[in-house]
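Quick note, the sequences are listed as chains A and B, same order. Under our numbering, the first sequence has 82 at position 62, and the numbering climbs by one with no breaks. Under our numbering, the second sequence has 1123 at position 71, and the numbering climbs by one with no breaks. Even for Gly, the Cβ is constructed at its ideal location relative to N, Cα and C.
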Amino acid sequence: MGRYVVQRLGQMVPVVIGTTFLIYALVWALPGDPFAGKCGDRPCPENYVQRMTAAYNLDDPLPVQYVKYMGSLLTGDFGQTFTGASVADELLSRYPTTLKLTLLAIAVEVVVGIAAGVLAGIRRGGFLDNLVLVSTLVLVSVPVFVTGLLAQATFGVRLGWFPVTFDGTFFSLVLPAVVLGSLSLAFVARLTRANLVENLRADYVRTAIAKGLPRQRVVGVHTLRNSLIPVVTFVGADLGGLLGGAVVVEGIFNIPGVGDMIFRGINAHEGGTVTAAVTVLVLVFLIVNLLVDLLYAVLDPRIRHA
Amino acid sequence: MPVSRRTSVVLGAVALALTLGACGGGDDQSGAAADGGNTVSVRGCNPQNPFVPANTNEVCGGDVLDQIFSFLVSYNPETGAPENEIAADISSEDNLVWTITLEEGWTFHDGSPVTASSFVDAWNWAAFGGNATLNSYFFEPIQGYAEVQGELDTEGNYIDGSGPETMSGLEVVDERTFTVTLTQAESQFPMRLGYTSFAPLPQSFFDDPEAFGQHPIGTGPFQFDSWEPNIDIRISAYEDYNGEVKPSIDGAIYRIYENDDAAYNDLQADQLDIMPLLPTSALAGDTYKIDLGDRFVERTTGVLDTITFAPESKDPALADPDLRHAISMAINRDEIVDKIFSGARTPATGWVSPVVPGFQEGACGTFCQYDPVAAKALFDEAGGYDDTLTLAYNSDSDHKAWVDAACNYISTALEVPCVGQGEVDLATFRDKITNREMTGMFRTGWQMDYPAQENFLVPIFATGASANDGDYENPEFDTAVSEAATLDGDAAIAKYREAEAMLAERMPAIPLWHRVSIGGYSTHVENVNITVFQTVDLVSVRTTNG
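Set out below in structure tokens:
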């Protein structure tokens, strides 16, 4: 177990270096001088352009730039955005918001998704099953920005049940989280249902029923636990996706999160800002996936990590 | 100032139907009500630079700075004419050496008095090459500007001691008087003194510019309270404000939105009080009139959109003035303004904005009037155009619709293919223009720095000027504008008009339309006015419950 974890941690190093280099190179490789658009429709003063070029080492060859950048990153210096704000501060102020939003979305997706999946699975072909199938089909087929705008217009502007946009309170994150989690919720429900249905036919379930265990325990403990393995894999991978992919929902509800930061960083050609934000995302993604792999062993004792 | 700054309107989604008078289900903490009743919330955005006047050249930071600072002059909200604010008197015998006397009683928000040095030191700091400020070019007319730029080493860093740190043209006479010597006579010099860059700065700025950038201290009707990045910027009325009209509100909150449509939705739900620029989605089909009733304001602003021709040296094919006139006459400005901009533009008949004192109607003459038949005749006479006409624009802002429409008019009237050419973003687009890589035609925009005829002519069309993207060179024009600069009052206005009319002859740029700001407000506020700079006049705003 310990060896497995160390091995996995070791694998992360090349992945982190590779992804950050790619992203760093790609953002700075965007066409156009990043400082050409800073002064709108007129050229910026020469002094300013030269000062900024020097500050971001843009005169050096790309690998040298990257090494210099990573060097300062390793010493804890995340650099500055073009506006002069510290990237580290920006990350610290934005990650908690995105994390709250994502965790809330995951909670919605897990609780509602699994419940719906179980209800549909144990009464296969029944009314609830069909209801879940149809409603998840709708959620899957409607793009998230439509769901978001519709929810905002209906529950925010028209009915006034929720704040229209993010106002710093936890409550104002509820509606965005439901929207963000809705797509994955549909997948979770369907995954749970499919696995549950299949496992209910397994031999060990028949044995359990034959032994006279109550149905609740057969479904709730024996079957569900095994059925959750694919769901956990999905949710683990989804966490990373939601963290980075919340950009649309963050835009609609005006939530100052990481997706928004990356989006604006790319627009402004701010290689340093984007790389820093993405590096953290990559790390979170890798760690969550490691945790998911370790969780398998807990869910299914047959799986052992050497 | 360039267009993109104040006006990058992000296109968004569908505008939504009427809001019920509901107030956010009892969770109304963002509107005016929860904040003591007499404060208003305004749509804000993330400042792109620290709050230092010399380094702020975009709307997000500029809006806030303009509420925090008072300037030597302010602009009349109706006519745009400069009126003395901090200055008691600005005068000159020869338009070359200006003596500026300050009014008594002005203080910074930290209590320190506003003196002649507050201005002189601030301007010197902004112009000094070692500080590499974004707005340093505003001080170019002042004597000694070139010297303080100093020299840069090969890495682009300023070499310490390579030049003086103060401009020789600025001199403090006494506590409340200073003189400004210009490199050449300029009668409209006082007009520019109301621009953000010319703000006075307190001693605390020079002690720690970085701290100041996070918490600016000004002289204006409002003082800076707090700035929570990505959330809001709060300002409150300054008790000892020395201006004639004091604000009636206690303060304001600039709520930061990245997305116009999100802000508009809040406005509809009464959770945001003032939005100075409604999103395109709300303007389409006059949706905002259904959503807001009569709670909107319109204001023509000093932003002019033009089509510029690539420099002759780069693309000689369109150098013939007749071809340029034909293209201009082929575009139906009225239709485009009406159908595409839903009234958020007004057709241009010249190169100077109507918000400027001395504006003349029709400087462009018949060349800016839609006349497809005459255009075609002129076009054929000039020998036509064999290739495909291209009109380049930056596609990260909503230009595509009007570019396509304009091209469509051109190709219909002149029977020549015309295509819009989108560049991925403003940076790429401007890069190509600055490096003179652009051929054919491209869109250009000009947002005035201060309401003066000079500002619409000299920076754009004088030989070698910073925004002369088409490399227009006309010695007569240059002579006329520099002569106008030495004249006073009506004589200067007449001379500038003469210079403007010269542009019609070779038409370096086709005037299209001036922008009109359409802003909206909630039921919590009244008497909302938008300035010619597209900002909110917070001094005149009143709340309905306070």
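- When you compare only the Cα positions, how much space is there between Pro65/A and Glu129/A? Position 45 of the first sequence, counted from the start, is the residue given in the question as residue 65/A. Position 109 of the first sequence, counted from the start, is the residue given in the question as residue 129/A. Cα to Cα, the separation comes out at about 51 Å.
- Cβ-Cβ separation, Leu200/A to Ala125/A (assumed contact under 8 Å), whole Å: Looking up residue 125/A in the first sequence gives position 105. Looking up residue 200/A in the first sequence gives position 180. Their Cβ separation, rounded to whole angstroms, is 4 Å, which keeps Ala125/A and Leu200/A in contact under 8 Å.
- Along the chain, which unbroken stretches of the alpha helix (DSSP H) at least 4 residues long are found entirely within the segment 1511 to 1548 of chain B? Every alpha helix (DSSP H) of 4 residues or more that sits fully in the segment 1511 to 1548 of chain B is shown, in chain order, as 1527 to 1538.
- Message: Tell me which residues share the same chain as Asp1302/B and place their Cβ nearer than 7 Å to its Cβ, disregarding the 5 neighbours each side in the sequence.
- Response: Along the second sequence, read from residue 1 onward, the residue named residue 1302/B stands at position 250. Only residues of its own chain outside the window of five on either side were considered, and among them Gly1088, Asn1090, Thr1091, Ser1288, Ala1289 have a CB closer than 7 Å to the CB of Asp1302/B, listed in chain order.
- Message: Short of 7 Å in beta carbon distance, which residues of its chain neighbour Val1456/B, apart from the five on each side in sequence? Order them along the chain.
- Response: Indexing the second sequence from 1 puts residue 1456/B at position 404. The sequence shown places Asp at residue 1456/B, not Val. Here the set comprises Gly1472.
- Message: For Gln85/A, would you say it is in contact with chain B, using Cβ-to-Cβ distances shorter than 9 Å as the test?
- Response: Here residue 85/A refers to the residue found at position 65 when the first sequence is read from its first residue. Among the CB atoms of chain B, none fall inside 9 Å of the CB of Gln85/A.
- Ser1390/B, DSSP secondary structure in three states: Walking along the second sequence from the start, residue 1390/B turns up at place 338. A small fix is needed here, since residue 1390/B is Asp in this sequence, not Ser. Three-state DSSP puts Asp1390/B in a helix.
- Message: Less than 9 Å between CB atoms is the rule here; does Ser92/A satisfy it with respect to chain B?
- Response: In the first sequence, residue 92/A corresponds to position 72, counting from 1. With 9 Å as the cut-off, Ser92/A does not count as an interface residue toward chain B.
- Proximal chain B residues relative to Asp280/A, where beta-carbon distance stays under 7 Å: On the first sequence, residue 280/A is found 260 positions in, with the first residue counted as 1. The contacting residues are Glu1310.
- Query: When the Cα atoms are used, what is the spatial distance from Ala1074/B to Leu119/A?
  - Reply: On the second sequence, position 22 is the one that residue 1074/B refers to. On the first sequence, position 99 is the one that residue 119/A refers to. Confidence at Ala1074/B is low in this model, with a pLDDT of 30, below 50, so the placement of that residue should be treated as unreliable; the coordinate-derived value is given next. Going from the Cα of Ala1074/B to the Cα of Leu119/A covers about 31 Å.
- Message: Just to confirm before moving on: does the CB-CB distance between Ala1519/B and Pro1527/B stay below 9 Å?
- Response: Position 467 of the second sequence, counted from the first residue, corresponds to residue 1519/B. Position 475 of the second sequence, counted from the first residue, corresponds to residue 1527/B. The answer is no: Cβ separation not under 9 Å.
- Can you check whether the CB of Pro1216/B is closer than 9 Å to the CB of Glu1199/B? Counting from 1 along the second sequence, the entry for residue 1199/B is found at position 147. Counting from 1 along the second sequence, the entry for residue 1216/B is found at position 164. At the C-beta level, Glu1199/B and Pro1216/B come within 9 Å of one another.
- For Leu211/A, which of Phe165/A, Thr253/A, Val25/A, Asp53/A has the nearest alpha-carbon? Here residue 211/A corresponds to residue number 191 of the first sequence, with the count starting at 1. It is Thr253/A whose Cα lies nearest to the Cα of Leu211/A.
- Item | Where Phe273/A falls: helix, strand or coil (DSSP) | Numbered from 1 along the first sequence, position 253 holds the residue referred to as residue 273/A. When DSSP states are grouped into helix, strand and coil, Phe273/A belongs to the coil group.
- Any chain A beta carbon closer than 9 Å to Leu1555/B: The residue labelled residue 1555/B in the question sits at position 503 within the second sequence. Chain A contact via Cβ: absent.
- Spatial distance of Pro54/A from Cys1459/B (CA atoms): Position 34 of the first sequence holds residue 54/A. Position 407 of the second sequence holds residue 1459/B. When rounded, the distance between both Cα atoms is 29 Å.
- What residue does the beta strand (DSSP E) around Ala178/A start on, and which one ends it? Translated into positions along the first sequence, residue 178/A becomes position 158. Just to set this straight, residue 178/A is Arg in the shown sequence, not Ala. Neither: Arg178/A is in no beta strand (DSSP E) and is coded neither H nor E.
- Three or more C-beta pairs below 8 Å linking the segment 91 to 105 of chain A and the segment 286 to 293 of chain A: The segment 91 to 105 of chain A, when compared against the segment 286 to 293 of chain A, does touch it at the 8 Å Cβ threshold.
- Interface positions of the segment 1512 to 1538 of chain B facing chain A (Cβ-Cβ less than 7 Å), listed along the chain: From the segment 1512 to 1538 of chain B, only Ser1518, Ala1519 have a Cβ closer than 7 Å to chain A.
- Message: Just checking: is the beta-carbon of Phe273/A within a distance shorter than 9 Å of some beta-carbon in chain B?
- Response: Your numbering for residue 273/A matches position 253 in the first sequence. Closer than 9 Å to some Cβ of chain B, the Cβ of Phe273/A qualifies, so yes.
- Task: Would you grab the beta carbon distance between Ile272/A and Gln172/A for me? Rounded to a whole angstrom, and I think it's under 8 Å.
- Result: Here residue 272/A corresponds to residue number 252 of the first sequence, with the count starting at 1. Here residue 172/A corresponds to residue number 152 of the first sequence, with the count starting at 1. Contact between Ile272/A and Gln172/A holds, with the beta-carbon distance rounding to 6 Å and staying under 8 Å.
- Message: For a contact defined as C-beta to C-beta under 7 Å, what are the partners of Pro81/A on chain B?
- Response: Working through the first sequence from its first residue, we reach residue 81/A at position 61. Within 7 Å Cβ-Cβ: nothing; Pro81/A doesn't reach chain B, min ~15 Å.
- How big is the Cα-Cα spacing for Phe207/A and Leu259/A? For the purposes of this step, residue 207/A is taken as residue 187 along the first sequence, with counting starting at 1. For the purposes of this step, residue 259/A is taken as residue 239 along the first sequence, with counting starting at 1. Between the alpha carbons of Phe207/A and Leu259/A lies a gap of roughly 14 Å.
- Query: Exposed or buried, which one is Ile1305/B when buried takes at least 16 other CB atoms within 10 Å?
  - Reply: Position 253 of the second sequence, counted from the start, is the residue given in the question as residue 1305/B. Label assigned to Ile1305/B: buried.
- Task: Could you check the C-alpha separation between Met1327/B and Ala1174/B for me, to the nearest Å?
- Result: Residue 1327/B sits at position 275 when you count from the first residue of the second sequence. Residue 1174/B sits at position 122 when you count from the first residue of the second sequence. Between Met1327/B and Ala1174/B, the C-alpha separation is close to 32 Å.
- Message: Between Gly180/A and chain B, is any beta-carbon pair separated by less than 9 Å?
- Response: Position 160 of the first sequence, counted from the first residue, corresponds to residue 180/A. At least one CB of chain B lies nearer than 9 Å to the CB of Gly180/A.
- Item | Thr1583/B to Ile1120/B span [Cα, whole Å] | Numbered from its first residue, the second sequence carries residue 1583/B at position 531. Numbered from its first residue, the second sequence carries residue 1120/B at position 68. C-alpha separation (whole angstroms): 15 Å.
- Message: Taking DSSP's pairing of strands, which residues face Arg245/A in a bridge?
- Response: The residue you call residue 245/A lines up with position 225 of the first sequence. Arg245/A pairs with nothing; no bridge assigned.
- DSSP state of Pro1331/B mapped onto helix, strand, coil: The sequence position of residue 1331/B within the second sequence is 279, counting from 1. Note: Pro1331/B maps to coil in three-state DSSP.
- Arg1549/B vs Gly1410/B beta-carbon contact at 9 Å: Taking the second sequence and counting its residues from 1, one reaches residue 1549/B at position 497. Taking the second sequence and counting its residues from 1, one reaches residue 1410/B at position 358. Yes.
- Query: chain A beta carbons: is any one of them nearer than 9 Å to that of Ser1365/B?
  - Reply: Within the second sequence, residue 1365/B is the residue found at index 313, counting from 1. Output row for Ser1365/B: interface = no.
- Is Ile1570/B buried or exposed, if buried means 16 or more other CB atoms sit within 10 Å of its CB? As a position in the second sequence, residue 1570/B is number 518, starting the count at 1. A residue is called buried when at least 16 other Cβ atoms come within 10 angstroms of its Cβ; Ile1570/B meets this threshold and is buried.
- Residue range of the alpha helix (DSSP H) that Ala230/A falls in? Residue numbering aside, residue 230/A sits at position 210 when the first sequence is read from its first letter. Ala230/A -> alpha helix (DSSP H) spans 223 to 230.
- Anything in the segment 285 to 316 of chain A with a Cβ closer than 9 Å to a Cβ of chain B? List those residues in chain order, please. Among the residues of the segment 285 to 316 of chain A, those with a Cβ less than 9 Å away from any Cβ of chain B are Asn287, Ala288, His289, in the order of the chain.
- Cβ of Gly99/A less than 9 Å from any chain B Cβ? Start at 1 with the first residue of the first sequence, and residue 99/A comes out as number 79. Taking Cβ atoms only, chain B never reaches closer than 9 Å to Gly99/A, which makes this a no.
- Looking at chain A, which residues of the segment 1278 to 1294 of chain B have a Cβ within less than 9 Å of any of its Cβ atoms? Listed by position, the residues of the segment 1278 to 1294 of chain B near chain A (Cβ gap below 9 Å) are Glu1280, Pro1281, Asn1282, Ile1283, Asp1284.
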